[in-house]
Structures are given as C-alpha cells and as structure tokens.
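Chemist:
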Amino acid sequence: MNKLLVSTAVALSLGSAAGIASAEDIKIGVFLGLTGPLESLVANMAPGAEAAIAEVSASGKLLDGSTVTAIRADTTCVDAAAATSAIERLITSDKVSGVVGGDCSGVTTAALTNVAMPNGMVMISPSATSPALSTLEDNGLFFRTAPSDARQGVVMSDILMDRGFKEVALTYTNNDYGKGLADAFQSAFEAAGGTVTISSSHEDNKADYSAEVGALASAGGEALVVAGYLDSGGKGVIQGSLDTGAFETFVLPDGMVGASLPEAIGSELNGSFGQAPGTDSEGAGLFAEMATGFDPTSPFAAESYDAAALMLLAMQAAGSTDPQVYKNNVMDVANAPGEQILPGQLAKALEILAAGGDVDYVGASNVELIGGGESAGNYREIEIQGEEVTTVGFR
Amino acid sequence: MENWLNAFALLSNFVIVPAIAYGSQLALGALGVTLVFGILRFSNFAHGDTMSLGTMVVILFTWWFQSMGINLGPLPTALLALPFGIFFCAVFVLLSDRFVYRFYRAKRADPVIYLIASVGIMFITNGIVRFIIGPDDQNFADGERFIIRAREFKEMTGLDQGVTIKLSQGLTFVTMIVVVAALFWFLNRTRSGKSMRAYSDNEDLALLSGINPDKVVAITWIIAAALATIAGTLYGLDKSFKPFTYFQLLLPIFAAAIVGGLGNPLGAIAGGFVIAFSEITITYAYKRFVEYLMPESWEAGGLIQLLSTDYKFAVSFIILLLVLLVRPHGIFKGTGV
Chain A
5 MNKLLVSTAV ALSLGSAAGI ASAEDIKIGV FLGLTGPLES LVANMAPGAE
55 AAIAEVSASG KLLDGSTVTA IRADTTCVDA AAATSAIERL ITSDKVSGVV
105 GGDCSGVTTA ALTNVAMPNG MVMISPSATS PALSTLEDNG LFFRTAPSDA
155 RQGVVMSDIL MDRGFKEVAL TYTNNDYGKG LADAFQSAFE AAGGTVTISS
205 SHEDNKADYS AEVGALASAG GEALVVAGYL DSGGKGVIQG SLDTGAFETF
255 VLPDGMVGAS LPEAIGSELN GSFGQAPGTD SEGAGLFAEM ATGFDPTSPF
305 AAESYDAAAL MLLAMQAAGS TDPQVYKNNV MDVANAPGEQ ILPGQLAKAL
355 EILAAGGDVD YVGASNVELI GGGESAGNYR EIEIQGEEVT TVGFR
Chain B
13 MENWLNAFAL LSNFVIVPAI AYGSQLALGA LGVTLVFGIL RFSNFAHGDT
63 MSLGTMVVIL FTWWFQSMGI NLGPLPTALL ALPFGIFFCA VFVLLSDRFV
113 YRFYRAKRAD PVIYLIASVG IMFITNGIVR FIIGPDDQNF ADGERFIIRA
163 REFKEMTGLD QGVTIKLSQG LTFVTMIVVV AALFWFLNRT RSGKSMRAYS
213 DNEDLALLSG INPDKVVAIT WIIAAALATI AGTLYGLDKS FKPFTYFQLL
263 LPIFAAAIVG GLGNPLGAIA GGFVIAFSEI TITYAYKRFV EYLMPESWEA
313 GGLIQLLSTD YKFAVSFIIL LLVLLVRPHG IFKGTGV
C-alpha cells in the first residue's frame, strides 16, 4: 500500500513538472565541411559556433530554460550530393530547429534549394560568400554573417591599387566561390584602371598544376591573385609558381588565409598579402579572450559564433523554435535599434528579449545585416611577414 | 641565337621539366597497376590508396628519423625510410590478399568481382590512412630542394629565362629508370620472374609445370607494394602528401596504364609520358615562346593557347578514347581491357 502511494506520488510529480515548464532540448545543426578543402578552417569554425550554443545553453535563459545541443554534419565543401544528404539527415532524423552553415557556396546553395527551402528550415551561413546567394530566392530562410564576395572583390582591388599594382594574373578554383570572387575582383580592378592579364580556373585536389602555372606565367603580371583554397589547388598553384620562378608576389583572398599556407610554403611567401573577413572592433577582442580550444582569429571563426548566436537570439525574440516564425526576427536582433550585444553577453541579450526589449547584436564580427540578410562586411588586410599571417590594417 | 636559347629555356622550365617529372610519377604508378593486371588479371582500384598507405608509413619513419637527427645530407630522409614503408605496405597488401582476394581466387571469380572487391579495399585503406595520419597536408621533404634554381640559371648563362629543376624531379626521373630496369631484369632473367610470366600467360599450364601459384601471387603483391610505396613517396616529396590527392591520382594512373596497354610494363611508362606531355603541351600558352622566335616588331595578340587549362583532363581522356578506338590493346600490346 505504502509502495503504491509513493510511486503514484512520484509519477504525479513527474507529470506535473513536465506540464509546468515548456523547456525543451533544442537541437542546432552545425553544418560545415569537416572534411574536404576547407577542413583546416572548419577546425576553428565548428568550435566557434558551438561556443555560442554552449554559452546560451549554460545560461538557462533561452525559452524558459531550454537546453541547446549542437549536432555536427559534414558538407564536404565540394560534394553537393553528400551535403544534401547530410542536411536531409539533420532535418528529418535529428529534427534540428535551425542550421548553422553551410560553409562553401556551392554546397550551401545545393543544401538550401534542395532541402532547407522545401522543409522550411532556416540556414545561417558563416562563410558562404558567393554573390549568387544574394539574389537567390530563399523565402526569407537564408542569412549569412559573411559578406558577399562582390564586396571582397572591391576591397581586394583597393588593396592592390594602394600598393601600386596595375597588372595581375588571376586564377580561381573552379566553383561558385572562386568564379564569383574572380568575376567581382576583375570588374572592380578593371574599373579602377588595372589590367587582368589572364583569368584561368584550376581544379582542386589534382595531381599536377604545371599546365596552369605555365599558362599563367605566359600571360605574366606583377602579382598572381589566387582565389582558391589554401589546403588544395591554391597551394599547388603557388608552390608551382614559386618553383619555376613565374611569380614572386601572391594576393590571397579569404579562402587562402590561414596559418597552414606559410607553414607549407616557407619564407618565399613573405611579402604576399591579401584580406580576410575580420574586424578590430571590441567584439573581436572579447571573442579572442573567451575562446578556448580553438583559434579565434582564424577566418570565419568569429562569423560562426555570430551565426549560431543570431539564430538562438532570433528564437528567443520570436518565443518559438519554429523556423517559419523566428526567421522574421533574425534581421531585428542583428540590427539597430536596441542594446548592443558583444560576445559573452548572450545571457544578457536573452534577458532583454525575454522582457520584450530590443537588442542590436554586434558580436565578434561587427554584424550588420543588409539586403536579403547578409553581412555588410569588414575586412582585415593581411600580409605574410616572417612566415606568419600578420594583420596590417582594417578596411 | 640568344632568342632561340631563351625560347628553349622557357619551354624547358614550364613544359619539358614538369612534364617529365609528372610523367615519371604517373609511369611509376601505372607500372604497379599494370603488373597486378598482367599477373592477377584485375584492375586494382586500391592502388592509389596503397600508394598513400605506403607513403604514410614512410612519413612516420621519416619523422622518427628526423627526431633522432638522422638524415642523408642533401638527399631527403624519406629515402632512408623507404624500405620500412615498403615492408609495412607489403604486409598490408598480403593481408588483404589473404582475407579478400584469395577467397575469390579459389572460386575463380570474374575479374569484375575482383574489381569491386578492390574498390572495397580502396575505401578501407583510405579510412585507415585518414585515421592514422589525418586528412591534412603533410610536408616531409627535407634536404636540398633544388638541383638548379631559375635565378642561378640566369646568372650562370646570362639568359633572360631561367630553368628550375627540383631535386625531387631529378630523383623521380632517375628512380623511375632504375626501378624499370630492375623490374625488367627480374621478370626476364630470374626464375621467379619467369614463373610469374608463365602464370600470367596461361595459369593452368603454369600449374601443371609445377609453379607454386601462392608464391607467384605473393611476389606480385610484394612488387606492387614496393612500386606503390616508391611512387607515392616520390610524388609526396615533389608535391605534398594528402590522402585525398592520392585517391584522385588513380584516374590519370589508369589512363596512363590503359593508353600504354594494360599488362605491358613498357606501355605503362609510355602511357605515363603521353598523358603528362599531352596535358601540359596542349594547354600551355605559347605567347612568350613565339615572341622570342619572331622578329621584334611582331607582338602576339592573344595568349596562343590551344585549349584553356579547364580542359586539360578532357585532353587525356580524348587520347584514351582515341587509343582504345584505334588500338584497343593500347600503344604497346597489352592483355586488353
């Protein structure tokens, strides 16, 4: 009799506890290229996104104390079929409420149009920078904390002009990212009075780049712009150019900026320069201080943190984890008006939103969403000095 | 006269030297493929990843030697680690034969079943390599990097155009010749080599005349493992080691082996060079080369490029198709596909 009473009481209390709080375990997909040409950047991007998720989860302030779990999936960066099935799994089997990713523009477009849009899932990409994504019809489901390459092309052209380069050769990785950036750069550079001697593509992960280097060397130029990936074809082309003495100075856009490139090439890369998204804002400094276990200055690490943070703040503002509802709040929490929010202050932002206030998320990368929901763009100008990537200014 | 020399130096630097090095790399890979095809009679798709496995062991030993301060002076330390790589790689392929291919051999399975089994082995090997050394790029080259550098060449000759020859390129070419010579000597002059050729020509007759098939198969695998490790290591020294790239190497290697004639060692070498030279010469922009040879007033309007580099892979496969149409058994008569 006693036993029955106790067990009934326990069952009742359990039942009522579940009834009172609407707290749930929210799952967020971290959809990045864990393998493939961007894997060395993703090693810092995925922990960046997960840092924001952990921060929110630990605060206990999201939607009446919900916890948030990150679930990783691999975009492979290059294989659209693999990426599509990976995000399919996140949405249908893991039942995520939002997706941080993808990383490379091609797979992101494929995942968005084939899976995320039909399923009404919100994607916030930290690093897909193709200009094509600006005009893609996305039902208001796609955002990015990275700027379009149309902007990067202009910045890169400005940097070259300021340094007195008038004639360059251009090679790009043969995908949406490379082609988009190359076109944006070429039109900006030519409008500014520069000459592009040749614009030729290269394939990633191929056995040999002698043919590409030969063609680029024939066209000539004061520097070689390499719109590729640092772990892949971009590195192969630079190595080949240096070995044959075809070019001595290289211009490195975001996909080429990383510690592994000067490590692999050595002192001959000194003097090459370029740009990657980044800012000297207060948020970047705070983010660098709070980062543990990953490199916060690695390209797109800050953007990854911001992408995850924005998604969770939008859920809080909407009071719902339904993508169809909170997608309308992403722009609001990212932009003014409201109290400015820096990295590490997510708990504060959740409180303000819960009380019905307004926030202006600034975050680690100075987030300001423009157009259809993409970052306005802040770049840091880098130069390879003493075999290290050194920041020489901000644009 | 100087213009002629400049034109030649230019062509050497950007076409001839890289094509010879790349051709040698393909030839060494194709030799392994063609040997397995000739004697065990199947297309071994795992060859690219066998190369990466052998190279991985070489890299691990190279790091160990480097940490102990052992080196070969101007030559890369990896050469010292090569025998260890070959040993472990041979053990691995023998185990894969024992647990996979032997089963199908006993059943006298169709070549296509072997082929599919080798695709399985390929993925397993690929996974093991990524698990042990990771998917990243690994640099393990040390010692001198160049035999001659462009700048030194210009100072030495007084020409405007430099020629660069990397030590790894020279090493690859020399090794290729030595390995091919040794392989031919082995196949034609030794008792084991002769029994291998007999087994390849007619399995039943070879068995009747008392040749031990297990021994022939084992020797074939050991040689294939040695070729794979040598090819992989030389490729890694010249470019860099990345498991995914080795997987991608499989395609040009097979193209080379088929163009030359599958099963024919001489064909593998010819095929390697045909593929490498066609990829590079057809997509090279001859603007500067022509400018050196033409009178000074003449200036090239375009880049004088036959095909954009976008099409370089198309080039090798068009050649592959042409060869298969005109000579289905390859340039040198192979066993056929």
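Residue numbers (my numbering), protein chains in the order written: chain A, 5 to 399; chain B, 13 to 349. Cβ coordinates follow ideal geometry from the N, Cα and C atoms, glycine included.
1) What does a CB cutoff of less than 7 Å around Ala25 (chain A) pick up in its chain, not counting 5 residues either side in sequence?
2) Within the same chain, show all residues whose beta-carbon is closer than 7 Å to that of Ile231 (chain B), passing over the 5 residues directly before and after it, in chain order.
3) Which residues, in chain order, does the region 379-396 of chain A contribute to contact with chain B at a C-beta distance below 8 Å?
4) On the DSSP bridge list, what partners appear for Thr113 (chain A)?
5) Expressed to the nearest angstrom, what Euclidean distance is found between the alpha-carbon atoms of Tyr298 (chain B) and Ser108 (chain B)?
6) Our contact map puts Ala132 (chain A) next to Asp107 (chain A) with C-beta atoms below 8 Å; I'd like the distance itself, whole angstroms only.
7) Cβ of Lys99 (chain A) less than 8 Å from any chain B Cβ?
8) Distance check for Gly284 (chain B) and Thr46 (chain B), CA to CA, integer angstroms please.
9) Based on DSSP bridge pairs, tell me the residues matched to Thr175 (chain A).
10) Establish whether the CB of Tyr304 (chain B) and some CB of chain A are separated by less than 8 Å.
11) Helix, strand or coil for Arg155 (chain A) per DSSP?
12) Do Tyr365 (chain A) and Ala55 (chain A) have their C-beta atoms closer together than 8 Å?
13) By the criterion of Cβ-Cβ separation under 9 Å, what are the contact partners of Ser129 (chain A) in chain B?
14) Does the Cβ of Val396 (chain A) have 16 or more other Cβ atoms within 10 Å, making it buried, or fewer, making it exposed?
15) Who does Asp29 (chain A) pair with in a DSSP beta bridge?
16) So which residues of chain B does Val158 (chain A) contact, with C-beta pairs closer than 7 Å?
17) Between the region 245-255 of chain A and the region 215-231 of chain A, do at least 3 Cβ pairs fall closer than 8 Å?
18) Judging by CA-CA distance, which residue of A:Ser129, A:Ser222, A:Val230 is the nearest neighbour of Glu37 (chain A)?
19) Once the 5 residues before and after Glu392 (chain A) are set aside, which same chain residues still bring their CB inside 7 Å of it?
20) Taking the continuous alpha helix (DSSP H) assigned at Gly279 (chain B), which residues delimit it?
21) Go to Gly240 (chain A), then tell me how far its alpha helix (DSSP H) extends in each direction, as first and last residue.
22) Residues of chain A with CB closer than 7 Å to the CB of Asn151 (chain B), please, in chain order.
23) Entirely within the region 73-142 of chain A and at least 4 residues each: give me those alpha helix (DSSP H) ranges in chain order.
24) By the criterion of Cβ-Cβ separation under 8 Å, what are the contact partners of Gly249 (chain A) in chain B?
25) Compare the C-beta of Lys65 (chain A) with all C-beta atoms of chain B and state if any pair is closer than 8 Å.
26) Rounded to whole angstroms, what's the CA-CA distance from Thr39 (chain A) to Val111 (chain A)? Just pull it up for me.
27) Mind pulling the chain A residues with CB within less than 8 Å of Thr241 (chain B)?
28) Out of A:Asn382, A:Gln344, A:Gly144, A:Leu234, which has the shortest C-alpha to C-alpha gap to Ser369 (chain A)?
29) If I measure Cβ to Cβ from Ala312 (chain A) and keep anything under 7 Å in the same chain, skipping five residues before and after, which residues do I get?
30) With 16 other CB atoms within 10 Å as the buried threshold, where does Pro378 (chain B) fall?
31) In angstroms, rounded to a whole number, what distance separates the CA positions of Ile159 (chain B) and Val175 (chain B)?
32) Based on Cα-Cα distance, which residue from B:Ser252, B:Phe198, B:Ile144 lies nearest to Gln150 (chain B)?
33) May I have a chain-ordered list of the beta strand (DSSP E) segments no shorter than 3 residues that lie completely inside the region 332-362 of chain A?
34) If I follow the unbroken beta strand (DSSP E) through Glu392 (chain A), where does it start and stop?
35) Quick one: list the residues of chain B neighbouring Asn209 (chain A), beta-carbon separation under 7 Å, in chain order.
36) Is any beta-carbon of chain A found at less than 8 Å from that of Ile71 (chain B)?
Modeler: If we stick to the structure as given:
1) In this predicted model, Ala25 (chain A) has a pLDDT of only 39, less than 50, meaning its place in the structure is not dependable; the value taken from the coordinates is given anyway. Counting only Cβ-Cβ distances below 7 Å, and skipping sequence neighbours, we find Asp68, Gly69.
2) Excluding its 5 nearest sequence neighbours in each direction, Ile231 (chain B) has C-beta neighbours in its own chain below 7 Å: Ser204, Met208, listed in chain order.
3) The residues in question: there are none.
4) Note: Thr113 (chain A) sits in no beta bridge, so no partner.
5) 48 Å
6) In this structure, Ala132 (chain A) and Asp107 (chain A) form a Cβ contact; the two beta carbons are roughly 7 Å apart against a cut-off of 8 Å.
7) no
8) Cα-Cα distance, rounded: 12 Å.
9) A:Ser204, A:Val230
10) no
11) In the structure shown, Arg155 (chain A) falls within a helical segment according to DSSP collapsed to helix, strand and coil.
12) no
13) Residues of chain B passing the Cβ test: none, with the nearest at roughly 22 Å.
14) exposed
15) A:Thr71.
16) The contacting residues do not exist; Val158 (chain A) stays about 26 Å from chain B at best.
17) yes
18) First, the amino acid is wrong: residue 37 (chain A) is Gly here, not Glu. When only C-alpha atoms are compared, the closest one is A:Ser129.
19) Pro266
20) 277-295
21) Start and end: 237-248.
22) Ala268
23) 84-96, 109-115, 136-139
24) Asn25, Arg161, Ala162, Arg163, Gly174, Thr176
25) no
26) 13 Å
27) Close partners of Thr241 (chain B) in chain A (Cβ separation under 8 Å) are lacking, with about 17 Å as the shortest Cβ gap.
28) A:Asn382
29) So the qualifying residues of the chain are Ile32, Ala53, Ala56, Ile57, Val104.
30) Here chain B covers residues 13 to 349 and nothing more, so residue 378 (chain B) does not appear.
31) 10 Å
32) B:Ser252
33) 343-345
34) 392-398
35) In chain order: Phe256, Thr257, Gln260.
36) no
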